[in-house]
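Chemist: Submitted below is the structure of interest, expressed as structure tokens.
Residue numbers (my numbering), protein chains in the order written: chain A, 126 to 225; chain B, 7 to 259.
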């Protein structure tokens, strides 16, 4: 499966379903990622799925989106099916490797 | 009192050399298998810092003669120190900030300062200074390298602690391996201990104190070296019981 940027995928999907300014929407996703200890760059689909499911509803609600839970669950399911990109150069991957 | 402190420093240095070389050999072997840049840099750092610089500095400081042995040790110590500082800063740059321009410039500046200091030190070792003066750690050649290495260690520590905070956030969502998370904390502590061990004597020297006989400074150096050695061991050669304890603690949380 071709690797797709999970951040971009979530932003695109949300943009089609939520009536929200593009910048505010991307900001909400970035805040959810930051609260979970991730950055937009390098986040893996399976990690993004957890962030979308557990952290994004709160951020969307604070932007005025009503009942974001079901939408986020659908989105989490979709993003988890994306092909994983390379994470071999992330600090986490390097420190895992250094442990042997 | 000086004898006891001297013994404590000797024990700390021996532990540092033993653990450092063991970790270095393991990481270099890992690098040969994986081809990874990070393990190669860190492996070389562990082999040159504890494996080359520490024993050579012991010889330079402890032996008044033969002169050729003192000069050779000082020469190798300078080469080793420069290599150690260079690969350490390269590791931090490539691991944490490989695409940031400021990190690239900080790395270049650090390496340039280290090369200038090492060149001066090598010139002294080859005859520019008396053999008895080569143990003078307050000389500008050593100070330049120590300052550059302090900057690198501070950067390394900050990056490691910052990433540890991020890993803690991930762990609340079940997205972080507790052993890897702990490794970031330990690596930050190794950098902090290295800063204390080299920074305290530098500070004492800059304030006009006697670096060799100042009791608090020597005690701080010995304690920091032992603490850093334990953290290095737990980070890269952890006993199974420690790993099991980390996993059990994470499972309960």
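Glycine residues also receive a C-beta, built at the ideal position from the N, C-alpha and C atoms.
Note that the coordinates shown come from a computational prediction; the quantities given were computed from them, not determined experimentally.
Around the Cβ of residue 126 of chain A, are there at least 16 other Cβ atoms within 10 angstroms (buried) or fewer (exposed)?
Modeler: At residue 126 of chain A the pLDDT is 47, less than 50, meaning the model places this residue with poor confidence and gives no usable figure here.
Chemist: Let me check understanding here. Comparing Cα to Cα, which of B:16, B:151, B:43 lies closest to residue 208 of chain B?
Modeler: Here the closest residue by C-alpha is B:151.
Chemist: Could you tell me whether the Cβ of residue 101 of chain B comes closer than 7 Å to any Cβ of chain A?
Modeler: So yes, residue 101 of chain B belongs to the interface.
Chemist: Mapping the DSSP letters down to three states, classify residue 208 of chain A as helix, strand or coil.
Modeler: Strand at residue 208 of chain A.
Chemist: Taking just the CA atoms, how far does residue 190 of chain B sit from residue 240 of chain B?
Modeler: Their Cα atoms are separated by approximately 11 Å.
Chemist: Taking C-beta pairs closer than 9 Å, name the residues in chain A that residue 45 of chain B reaches, listed in chain order.
Modeler: Per Cβ cutoff of 9 Å: 219, 222, 223.
Chemist: Going by C-alpha distance, which of B:246, B:46, B:53, B:138 is nearest residue 86 of chain B?
Modeler: Residue B:53 is the option with its Cα nearest to residue 86 of chain B.
Chemist: Can you list, in chain order, the residues of its chain whose CB lies under 6 Å from that of residue 99 of chain B, leaving out five sequence neighbours each side?
Modeler: Answer for residue 99 of chain B: 109, 113, listed in chain order.
Chemist: Given residue 181 of chain A, which residues of its chain have a CB within under 6 Å of its CB, disregarding the five upstream and five downstream residues?
Modeler: For residue 181 of chain A, where only same-chain residues beyond five positions count, the Cβ hits under 6 Å are 157, 197.
Chemist: If I follow the unbroken alpha helix (DSSP H) through residue 30 of chain B, where does it start and stop?
Modeler: Where residue 30 of chain B is concerned, the enclosing alpha helix (DSSP H) stretches over 8-40.
Chemist: Taking the straight line between their C-alpha atoms, what separation do you get for residue 40 of chain B and residue 177 of chain A?
Modeler: Answer to the nearest angstrom: the Cα atoms are 34 Å apart.
Chemist: Within the chosen definition, does the stretch 126-146 of chain B reach the stretch 15-29 of chain B through at least 3 CB pairs nearer than 8 Å?
Modeler: These segments do not touch.
Chemist: Name the chain C residues whose beta carbon is nearer than 9 Å to that of residue 155 of chain A?
Modeler: Considering every chain present, this structure includes no chain C. Its protein chains are A and B.
Chemist: On the three-state DSSP scale, how would you describe residue 126 of chain A?
Modeler: The pLDDT assigned to residue 126 of chain A is 47, lower than 50, so where the model puts this residue is not dependable; a value taken from the coordinates is nonetheless given after this. It is coil, neither helix nor strand.
Chemist: Just the C-alpha distance for residue 157 of chain B and residue 195 of chain A, rounded to the nearest angstrom, thanks.
Modeler: Looking at the two C-alpha atoms, the distance is approximately 49 Å.
Chemist: Hey, does residue 216 of chain A have any beta-carbon neighbour from chain B nearer than 7 Å?
Modeler: By this cut-off, residue 216 of chain A is an interface position.
Chemist: Assign residue 36 of chain B to buried or exposed, taking buried as 16 or more other Cβ atoms, counted over all protein chains shown, within 10 Å of its Cβ.
Modeler: Residue 36 of chain B is buried by the Cβ-count criterion.
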